[in-house]
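Taking it in order: structure first as structure tokens, then the write-up.
Chains as they are written, first to last, in UniProt numbering: chain A, 1 to 327; chain B, 1 to 307.
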């Protein structure tokens, strides 16, 4: 298939996905017990009379039917107007942009770390199959697979921040310091624990997947033939093993964007790290509807891009998909 | 002196049944045969008789849990694991069954060159492709893009590039059309004419007879008979072993009459002659111990009644 055509197909898929997500989340929020006016006014509610309430409702279009409201909101979204966050009193897009920089750094570090470490562990386990090191890696993976990320976060906090005092206990920057005075080292020190927590959990999938794939490859007919032709040792594993399992592992890593995002929400909460995850939780708890909907759309986009990249890599790298798409 | 001499080769696997109990499954046992330089020996037997494992045993690429006993001599020296490792892909070559034995994600030219390095390997590979009528655009193809005939020639050329002295071809002609089979067989013939020894493993007696000098008949993990190809004629009266005769008679162009029963599995082998349960010449002596191999009329047989 031609690349432009593929992009068109993917674009249509994205558009319909976003539309569905928008409808679903809009009506979910609509049916939720969150009262936007109360959320907006907050503690001053006592001083707002019923007439004033009605005026606000009318100003926001809350007296219209949900369908009309949705139309109003979605046409604003299409124009790029995501509204104003009630908590931050800033345009939603600005809030997301600010928070995303923090989250992105966190997720990128975790993504790379977990990918590289997981891949290496998987290879070692497969090559040394059934040895003590394989058992150790499997034990590590199974233990972590059944451990929630936030719990690991709390554990690391207890050990490295509370017990040993090596690293700060939370937040993205030191408390009580002016923004201009925050150094890069400060930022990195606040970043280490959340990033490690997120990576530790991410390792499992890649490691177990890589291990199984490599075991399959090493038992394949083509590795048998390669051995029959005198290939052996590291060069055998490199030529026929790693090249053939790198692609599925990479795809898995891209497809795991969703889990990464979900993990980041929890980890950011544990460490009070000022990223998108924390913003999402806050928006939900405090009834910041514009921000919440904006975040839903953004995270949909984020996960979709992850999957799209996975597909594209396959298309570009695996000769077989190229041929199949062409048919 | 034969180039390759296999003597009393046995291969078995430990298989776990229930809990920690395990049994020994013998896939190849007391197998003997030899091949001279420039000779083609076809190893013929029905599927599941352990023919492929024989190839893997000679090359030393059996799975880790395999037990091997007996001796293999190559060029007068004992073929130990370290010698196997040294010779594999050089003097010893393996031509596999199908394109599945090629790495699906690697261009074929790289696979033909294999572990060979240096400028010469490119040159040699190009020469071989030319010799086998493989155009230059085939070089960059991936295995799944090859036609049956091209795949065949690619697989054969992997043996040529290493200038092998002993080639083991494992079922090299399954499911191919006649012209491709012929082409493959003639390439083996050409190897033999250049002094290479070829062991040709197949269940296709027809193609075996058309190229081989000797036929080794394989039954339940051992060779019951080794006969010159000329003996496969008429209604099989010149053959030595009752199984070879039955096999020959079962062919469509002969009597097309199969014998009842099936070959015993590796974990339930009879104590005496392996063929005794299906043989109509069986006597009490046959049931007691495996018949020793003996030389008979320029061939070998494992049957006490053979004449």
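Backbone N, C-alpha and C fix where the C-beta goes; we use that ideal spot for every residue, glycine too.
Look up residue i in the DSSP assignment and say whether it is helix, strand or coil.
i                      : result
residue 236 of chain A : helix
residue 213 of chain A : helix
residue 42 of chain B  : strand
residue 33 of chain B  : strand
residue 144 of chain A : helix
residue 362 of chain B : Not covered by the structure: residue 362 of chain B. The range shown for chain B is 1 to 307.
residue 128 of chain B : helix
residue 82 of chain A  : coil
residue 77 of chain B  : strand
residue 326 of chain A : Reliability of the predicted coordinates at residue 326 of chain A is poor, the pLDDT of 45 falling under 50, and the value obtained from them is presented with this limitation in mind. In this structure, residue 326 of chain A counts as helix in the three-state DSSP scheme.
residue 67 of chain B  : strand
residue 163 of chain A : helix
residue 165 of chain B : coil
residue 14 of chain A  : helix
residue 299 of chain B : strand
residue 24 of chain B  : strand
residue 170 of chain B : strand
Among residues of its own chain, excluding the 5 on either side of residue i, which ones have a beta-carbon nearer than 7 angstroms to its beta-carbon?
i                      : result
residue 145 of chain A : 204
residue 46 of chain B  : 203, 263
residue 249 of chain B : 235, 236, 255, 257
residue 295 of chain A : 96, 276, 279, 280, 283
residue 304 of chain B : 285, 286, 291
residue 206 of chain A : 114, 115, 118, 119, 122, 249, 252, 253
residue 79 of chain B  : 72, 73
residue 388 of chain A : Only positions 1 to 327 of chain A appear in this structure, which leaves residue 388 of chain A out of reach.
According to the neighbour-count rule (16 or more other Cβ atoms, all chains shown, within 10 Å of its Cβ), is residue i buried or exposed?
i                      : result
residue 73 of chain A  : buried
residue 300 of chain A : buried
residue 281 of chain B : exposed
residue 283 of chain B : exposed
residue 231 of chain A : buried
residue 142 of chain B : buried
residue 194 of chain B : exposed
residue 241 of chain B : buried
residue 201 of chain B : buried
residue 266 of chain B : buried
residue 329 of chain A : The first residue shown for chain A is 1 and the last is 327, placing residue 329 of chain A beyond what the model contains.
residue 253 of chain A : buried
residue 32 of chain A  : exposed
residue 192 of chain B : buried
residue 79 of chain A  : exposed
residue 107 of chain A : buried
residue 268 of chain A : buried
residue 89 of chain A  : exposed
residue 5 of chain B   : buried
What are the boundary residues of the alpha helix (DSSP H) that residue i is part of?
i                      : result
residue 15 of chain B  : Counting along the chain, residue 15 of chain B falls outside any alpha helix (DSSP H), though it belongs to the beta strand (DSSP E) covering 4-16.
residue 150 of chain B : 148-161
residue 387 of chain A : In the structure displayed, chain A extends from 1 to 327; residue 387 of chain A sits before or after that span and is not available.
residue 105 of chain A : 92-127
residue 59 of chain B  : 51-59
residue 314 of chain A : 289-317
residue 296 of chain B : Counting along the chain, residue 296 of chain B falls outside any alpha helix (DSSP H), though it belongs to the beta strand (DSSP E) covering 294-296.
residue 243 of chain B : 242-249
residue 193 of chain B : 178-193
residue 265 of chain B : Unbroken run through residue 265 of chain B: none, as it is neither H nor E.
residue 58 of chain A  : 50-60
Between residue i and the rest of its own chain, which residues show a CB-CB distance below 8 angstroms, the 5 nearest in sequence each way excluded?
i                      : result
residue 259 of chain B : 246, 250, 278
residue 17 of chain A  : 300, 304
Quick check on the DSSP output: the beta strand (DSSP E) that includes residue i runs from which residue to which?
i                      : result
residue 228 of chain B : 222-228
residue 201 of chain B : 197-202
residue 93 of chain B  : 92-95
residue 99 of chain B  : Here residue 99 of chain B belongs to no beta strand (DSSP E), and DSSP marks it neither H nor E.
residue 214 of chain B : 214-219
Skipping 5 residues on each side, what residues in its chain have a beta carbon closer than 6 angstroms to that of residue i?
i                      : result
residue 287 of chain B : 272, 276
residue 199 of chain A : 110, 113, 114
residue 27 of chain B  : 11, 50, 53, 221, 266
residue 66 of chain A  : 30
Legend entry - Cβ contact check for the stretch 190-208 of chain B and the stretch 30-49 of chain B: 3 or more pairs under 8 angstroms: yes
Inset, instruction - Would you check if the stretch 223-230 of chain A and the stretch 268-279 of chain A touch, i.e. whether three or more CB-CB distances between them fall below 8 angstroms? - result: no
Inset, instruction - Kindly confirm or deny that the stretch 60-71 of chain A and the stretch 303-310 of chain A touch, where touching means at least three C-beta pairs closer than 8 angstroms. - result: no
Inset, instruction - Would you be able to state if there are at least three C-beta pairs under 8 angstroms between the stretch 53-67 of chain B and the stretch 123-130 of chain B? - result: no
Inset, instruction - Check whether the stretch 257-275 of chain A touches the stretch 91-108 of chain B, counting contact only when three or more Cβ pairs, one atom from each stretch, lie closer than 8 angstroms. - result: no
Legend entry - Validate contact between the stretch 16-24 of chain B and the stretch 181-195 of chain B using beta carbons, cut 8 angstroms, 3 pairs: no
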